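For the sequence shown, the residue numbers in my numbering are 19 to 263. Since the structure comes first, as structure tokens, the remarks are kept for the end.
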Amino acid sequence: MKAFGRALCAMTAIAASIGSAYAGITINGTRVIYPAAQREVSLSMVNDGKDARLIQAWVDSGDASERAESSKAPFLITPPMARVDPGKGQTLRIMFTGAANLPQDRESVYWLNVLEIPPKPKAGTDVSENYMQLAVRSRMKLFYRPKGLVGSPDAAPDQLVWHLHGDGKGYSVECINDTPFNVSFSDVSFKGTAPRQSVSKGGMCPAKGKGSFPIIGSPDASGKLVVTVINDYGGFNPHEATFTR
């Protein structure tokens with residue numbers, strides 16, 4: 019039983035990403051915007067738990083299995099590992115290394131990872147021999163924003179073009195984004211339904227690209243969508259959009 023508990027502990031600490039119910043670290047933000055003109059950006063967090071936590075932070079290129087030691091993303095984080103005592107905070111400094119040949123006519127998307135590892139149970143307690151150590155991994159988008167992009171991220175959602183497609187089994191909606199800004203949204207719904215029908219539970223229309231999202235149900239007569247856009251500060255802004263068939 020002891021061997022099983024320790025093996026499960028090791029497996030969980032390496033591979034698990036579980037719900038926030040087990041998290042002690044609260045991150046102050048849901049995304050990171052990195053303007054190219056800045057030398058660095060920062061992200062703060064606080065330990066709301068009762069025990070000290072060890073955190074590890076790194077940036078990946080879009081592959082969730084990419085670890086800190088294998089990451090090729092052109093960003094450096096200091097400190098890469100830190101102990102955060104209960105009730106205390108920690109600030110991460112994120113710096114662009116300039117190592118990648120990134121496009122200068124649009125934003126590039128990376129992912130910031132924060133792995134939170136709780137302490138081992140104290141010796142002599144009932145769970146000190148057999149326990150499961152649960153590591154919580156938070157993963158959020160990091161947008162690298164070059165200088166001199168035309169337009170603004172706030173105006174980009176209203177410039178998206180939406181098309182409705184059907185394949186005989188159901189519908190999907192395609193967004194086309196000709197702007198240099200990535201547009202993230204928490205929800206896309208048909209307007210006029212009661213309650214509104216959900217098109218998608220979140221996604222992103224990439225800069226100078228397109229994305230496709232499944233639709234639940236059938237389109238209504240209004241021919242419009244309500245797109246709940248997530249802005250630079252993590253706020254939710256509803257936008258109406260017309261779709262064509």
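We treat Cβ as the ideally placed atom computed from N, Cα and C, and that holds for glycine. Predicted model, so just to flag it, every value in this text is computed and none were measured.
Checklist line | Cut-off 8 Å between Cβ atoms - residues of its own chain near L60, not counting five sequence neighbours on either side | finding: The question names Leu, but residue 60 is Ser in the sequence shown. T109, L110, R111, I112, listed in sequence order.
Next item on the list: Determine the direct distance from the alpha carbon of A117 to that of R263, and round the result to whole angstroms.
Entry: 43 Å
Notebook entry, point to check: Would you report the Cα separation of R85 and L182, rounded to the nearest angstrom?
Noted result: 38 Å
Margin query: The beta strand (DSSP E) that contains G80, what's its start and end?
Written below: Note, G80: premise wrong, no beta strand (DSSP E); not H, not E.
Notebook entry, point to check: Which partner residues does G186 have in the DSSP bridge list?
Noted result: According to DSSP, G186 bridges with nothing at all.
Item checked: For A100, the three-state DSSP class (helix, strand or coil) -> strand
Notebook entry, point to check: Can the beta-carbon of P92 be found less than 9 Å from the beta-carbon of G67?
Noted result: no
Next item on the list: Output the distance between the C-alpha atoms of G47 and F254, rounded to the nearest integer angstrom.
Entry: 13 Å
Margin query: One question on the structure: do A100 and L130 come within less than 9 Å of each other, judged by their Cβ atoms?
Written below: no
Check: Can you find at least 3 beta carbon pairs, one from the segment 196-207 and one from the segment 235-248, that sit closer than 8 Å?
Finding: yes
Checklist line | Own chain residues within Cβ distance below 8 Å of F261, not counting five before or after | finding: W180, H181, L182, V191, P237, G241, K242, L243
Check: Can you tell which of D172, K159, I194 has the C-alpha that lies nearest to the C-alpha of H257?
Finding: D172
Item checked: Three-state secondary structure assigned by DSSP to S207 -> strand
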